[in-house]
Amino acid sequence: MLWLIRHVKDNRGQTLVEFALILPVLLLLVVGMMDFGLILNQQMIMAEAAREGARSAALGGNNGTVTTVARTAAGAIDIAQLTVTITPDLRIRGEAVTVRVTNPVRITQLVRPFLPDGFVVQGTATMRVE
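Add 302 to the 1-based position in the sequence shown for my numbering, that's all there is to it.
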């Protein structure tokens, strides 16, 4: 019995050392999951902005109007770096119009080494001109 008590007392610091070793990995996983959630959220916002822009283009809006509508739909994001591409410039009734909205993603310093440089999310929508 005395041996068991001595053995338990000898392991007190072991738990602390193991926790100190695993803590950086746990923090990296938690921050990575948070960044992934933010990236997924931005991608959904980009898809919605592209849909709104494509709908505006399908209803006959000019490129300036389509860009404004797409930027407004992406209101939760910093629109200073938002890029809206509309093809074709000349829209004919019955033809398809495509709107692509792109935005660079800002991620935390902990996860940055694991993602490619210039990571960009985009949303694309195609509708028929009415």
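Cβ coordinates follow ideal geometry from the N, Cα and C atoms, glycine included.
Under the assumption that residue i contacts residue j (Cβ atoms under 8 Å), give the Cβ distance between them as a whole number of angstroms.
i: V403; j: V386; result: 5 Å
i: A382; j: G355; result: Actually they do not touch by this definition, with Cβ atoms about 17 Å apart.
i: V401; j: A427; result: 5 Å
In three-state terms, what does DSSP make of residue i?
i: P390; result: coil
i: G315; result: helix
i: T410; result: coil
i: N364; result: coil
i: R353; result: helix
i: R395; result: coil
i: G377; result: coil
i: V327; result: helix
Going by C-alpha distance, which of the options is nearest residue i?
i: V431; options: P406, L329, Q344, R357; result: R357
i: A351; options: T370, L361, N364, N365; result: T370
i: G363; options: I409, F338, M336, R395; result: R395
i: L329; options: M429, Q424, Q411; result: Q411
i: L417; options: R393, F338, M429; result: F338
i: R393; options: L340, L361, D380, F421; result: L361
Is residue i near residue j, with beta carbons less than 7 Å apart?
i: V368; j: A359; result: yes
i: G334; j: V407; result: no
i: N365; j: L384; result: no
i: Q424; j: M346; result: no
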